[in-house]
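Undergrad:
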Amino acid sequence: MAVESWEGAAVSRHRGDDLQPALPSPVCIGLSRVVPEIKMFYRRPEQLALTFSMPAVICLLLGSIFTAKLPGTQTSTGAVIAASMLAYGILSTSFVNLGIGIAADRETGALRRLHGTPATASSYFIGKIMLVAVASLAEAVILLLVGVLVFRLHLPTNAFGWFTLTWVFILGIISCSLLGIFVSNLVSNALSAAVITNGPAVGLQFLSGTYVPLMVLPTWMLIVGSIFPVKWMAQGFRSVLLPPQMVVFEPAGQWEHGRTFLVLATWSIVGLLACLSVFRWSDKR
Amino acid sequence: MTSAISVRGMSKSYGRRQAVRELDLDVGYGEIFAILGPNGAGKSTTIEILEGHRKRDAGQVSVLGEDPGTAGRSWRARIGIVLQESSDFGMLTVLETARMFAKCYGKARAPADLLELVGLASSSGSRVRTLSGGQRRRLDVALGIVATPELLFLDEPTTGFDPEARRQFWDLIRVLADDGTTILLTTHYLEEAAALADRVAVIAGGRVAAVDSPARLTAHTSSAATVRWMEGDEQREEQTDHPTELIRQRSMDGTELAQLTVTRPTLEDAYLRLTGQA
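Chains as they are written, first to last, in the numbering used here: chain A, 1 to 285; chain B, 1001 to 1278.
Dropping the structure here:
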């Protein structure tokens, strides 16, 4: 019988692994991906330049246009914009970066290849989140340097100020990253992802007080902007980078730390649930 | 002895189009098994279901003793997958990519040894996006075998290769098979299936049309030889199971049979017949 002839020859050749070595944990695999992710990020000069220079250049341009001091203060509108621009910086290193990056990984087959290994979705996201953390930190340093050197922003001088800056920064990264991951699942390629992330990102800047101070916005814009995280991140950053008396120029007349926390935390939870329900390894069914 | 891969009644549809219909398949441990078929025959759908990359609609599937639809991380550590095409990790170097994937497993080949094995040692410092098509495919194989899998899937591994690169690639596959790796590959190149595979499944219209060794497949479908020669200006051709006898009779009176050839049916003839193209 034909079947026996091939089985006989083949079995003698088979190498079975009786002893399976212990697999590294998903977290370990995730951490091993951090350096490669960062390398893949900084080896694309055009992407690097766009991510890091756009917010800084826009900040310098707008700041140079709005030089007049606000009534009764020593602070210019440019400084208000510079403090708020940190929110745009984070949005581009988290939301835009992840939205495009993950869509690209799905398009090129990187995600599918990874799915064929013992790596898990959490391994993949650990690599991505750490990339976002490093890129966002670098972005924050650049924008703070511009803000302090050009627009005379003051870094926080007490622990409470640094504490506020830190949690706004971290919650901002988390909520915007999750939204970026969510958006990457709505599109089938990196080009669409670039459109669907950058479009809303730029639009939100006008509604969130990063391109134009909130006090000149019509009420409906203020309301729409208040739904999204950017407005609250920007408000949080202004609360620690501007002199305390600037609070009178806020629409609510106060810094609203509690509400900022609630909005960013809600977006983080909603974003996480949304990502868990839509994440897919590839476009194949 | 159970099979490395066992498939019974597997079906898969995309909308109204049925890509795979009640397919049965058995691949023994240690075999090089080729799934051969024209484009759209259901080759890739089949291999992707076996890899755990696609859900099937119906049927029993067992790969290394587990159902790929539900198998977990430890199962994925025992298989290696070379996808049909990919353009990922272009910005990393070959060595960095190999290192990154080695970290996904408990036990992996040393990246330098791995690149030596697939013939990429001299390119280890090159960015992946600068590699040629053949080098890129070698890297794909390297990433598939980084943890010395028991079973390796190769989805159309040599599409777009020149003949030289294809032959070199086959040598690599043979080395892996001699090392004891069970190999399942899809291809639409007949000579690839004939050169590499212990057994070939010819797939047409989502079904297995025939499974056997390349030699038997050819013999079963048609064993008759074709004898051709020239008589004056006329080309003569005869099908026979006994070509020697035919030639002896024709040349008994001392006639020289001009431009005499005897050809046996090739795998291609068998394939064309099985897939209904002949």
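All C-beta atoms in this analysis are idealised placements derived from N, C-alpha and C, irrespective of residue type, glycine included.
Model, not experiment: these values are computed from the prediction.
Are any of the Cβ atoms in chain B nearer than 8 Å to that of A:L110?
TA: The sequence shown places Ala at residue 110 of chain A, rather than the Leu named in the question. For A:A110, the answer is yes, since a Cβ of chain B falls inside 8 Å of its Cβ.
Undergrad: Step through the CB atoms of chain B and report whether any lies within less than 8 Å of the CB of A:R238.
TA: So no, A:R238 is outside the interface.
Undergrad: Report yes or no: is there a C-beta of chain A within less than 8 Å of the C-beta of B:S1011?
TA: Chain A contact via Cβ: absent.
Undergrad: Can you give me the Cβ contacts of A:V240 inside the same chain, cut-off strictly under 6 Å, excluding the 5 residues immediately before and after it?
TA: P156, G161, T164, L165
Undergrad: Can you pull the chain B residues whose beta carbon is under 8 Å from the beta carbon of A:R33, in chain order?
TA: M1100, K1103
Undergrad: Got a sec? Which residues, its chain only, sit under 7 Å from A:W281 by beta carbon, not counting five neighbours each side?
TA: L111, R112, H115
Undergrad: Would B:R1137 and B:P1157 qualify as a contact pair, given that the criterion is a beta-carbon distance under 8 Å?
TA: yes
Undergrad: Between which two residues does the beta strand (DSSP E) holding B:F1033 run?
TA: Boundaries of the beta strand (DSSP E) around B:F1033: 1032-1036.
Undergrad: Let me confirm a value: B:H1242 is counted as buried when at least 16 other C-beta atoms fall within 10 Å, else exposed. Which label applies?
TA: Per the 10 Å Cβ criterion, exposed.
Undergrad: Please state if the CB of A:L48 and the CB of A:M85 are separated by a distance shorter than 8 Å.
TA: no
Undergrad: Using beta-carbon positions only, say whether B:D1155 and B:I1049 come within less than 8 Å of one another.
TA: Their beta carbons are not under 8 Å apart, which means B:D1155 does not touch B:I1049 by this criterion.
Undergrad: B:T1182 lies in the beta strand (DSSP E); which residues open and close that run?
TA: 1182-1187
Undergrad: So B:S1251 contacts chain A; which residues on that side make the cut at Cβ distance below 7 Å?
TA: Chain A residues near B:S1251: none, gap ~37 Å exceeds 7 Å.
Undergrad: Can you list the alpha helix (DSSP H) stretches of 4 or more residues lying completely in the region 13-77 of chain A, in chain order?
TA: 26-32, 34-42, 45-65
Undergrad: Which residues in chain A have a C-beta closer than 8 Å to the C-beta of B:D1088? List them in chain order.
TA: D105, T108, G109, A110, R113
Undergrad: Just the Cα atoms here: how many angstroms apart are A:L273 and A:I174?
TA: 13 Å
Undergrad: Would you decide whether A:V3 is buried or exposed? Buried here means 16 or more other CB atoms lie within 10 Å of its CB.
TA: In this prediction, A:V3 has a pLDDT of 41, which is less than 50 and means its spatial position is unreliable; what the coordinates show is noted afterwards. Label assigned to A:V3: exposed.
Undergrad: Would you say A:P287 lies against chain B (beta-carbon separation less than 8 Å)?
TA: Since the first residue of chain A shown is 1 and the last is 285, residue 287 of chain A is not available in this structure.
Undergrad: Using a Cβ distance threshold of 8 Å, determine whether the region 144-151 of chain A contacts the region 68-83 of chain A, with at least three qualifying pairs required.
TA: yes
Undergrad: Please compile the residues from chain B whose C-beta is within a distance smaller than 9 Å of the C-beta of A:K128.
TA: Correct list: empty, because the minimum Cβ distance to chain B is about 14 Å.
Undergrad: On the CB-based measure, 16 or more other CB atoms within 10 Å of its CB, does B:A1108 come out buried or exposed?
TA: buried
Undergrad: Under the three-state reduction of DSSP, which class applies to B:A1108: helix, strand or coil?
TA: coil
Undergrad: Residues of chain B with CB under 7 Å from A:R43, in chain order?
TA: Against chain B, the beta carbon of A:R43 has neighbours under 7 Å at M1091, listed in chain order.
Undergrad: Quick check on B:A1209: buried or exposed, where buried means 16 or more other Cβ atoms within 10 Å of its Cβ?
TA: Counting the other CB atoms within 10 Å of its CB gives B:A1209 a total of 16 or more, which places it among the buried residues.
Undergrad: Just to check my reading of the structure: B:T1226 and B:T1255 have Cβ atoms closer than 8 Å, yes? What is that Cβ distance to the nearest angstrom?
TA: Actually they are not in contact, since the Cβ atoms of B:T1226 and B:T1255 sit about 19 Å apart, beyond 8 Å.
Undergrad: Quick check on B:Q954: buried or exposed, where buried means 16 or more other Cβ atoms within 10 Å of its Cβ?
TA: A query on residue 954 of chain B cannot be resolved here, the shown segment of chain B reaching from 1001 to 1278 and no further.
Undergrad: Assign B:M1230 to buried or exposed, taking buried as 16 or more other Cβ atoms, counted over all protein chains shown, within 10 Å of its Cβ.
TA: exposed
Undergrad: Please list, in chain order, the residues of the region 1033-1049 of chain B that have any C-beta partner in chain A closer than 8 Å.
TA: Taking 8 Å as the Cβ-Cβ cut-off against chain A, the residues of the region 1033-1049 of chain B that qualify are E1048.
Undergrad: Along the chain, where does the beta strand (DSSP E) containing B:L1154 start, and where does it finish?
TA: 1151-1155
Undergrad: Please state whether DSSP places B:S1126 in a helix, a strand or coil.
TA: coil
Undergrad: Let me know the secondary structure DSSP gives B:A1102 once reduced to three states.
TA: helix
Undergrad: Using the rule of at least 16 other Cβ atoms within 10 Å of the residue's Cβ for burial, across every protein chain shown, is A:M1 buried or exposed?
TA: For A:M1, the pLDDT reaches just 37, beneath the cut-off of 50, and the residue's location in the model is therefore unreliable, although a value from the coordinates is still provided. Exposed, since its Cβ has fewer than 16 Cβ neighbours within 10 Å.
Undergrad: Rounded to the nearest angstrom, how far is the Cβ of A:A140 from that of A:F182, given a contact under 8 Å?
TA: In fact, because the Cβ distance is near 23 Å, the residues do not count as touching under 8 Å.
Undergrad: Please classify B:Y1014: does DSSP put it in a helix, a strand, or coil?
TA: strand
Undergrad: I need the straight-line Cα distance from B:T1275 to A:Y42, nearest angstrom please.
TA: 50 Å
Undergrad: Pull out every residue of the region 255-268 of chain A whose Cβ sits closer than 7 Å to any Cβ of chain B, in chain order.
TA: none
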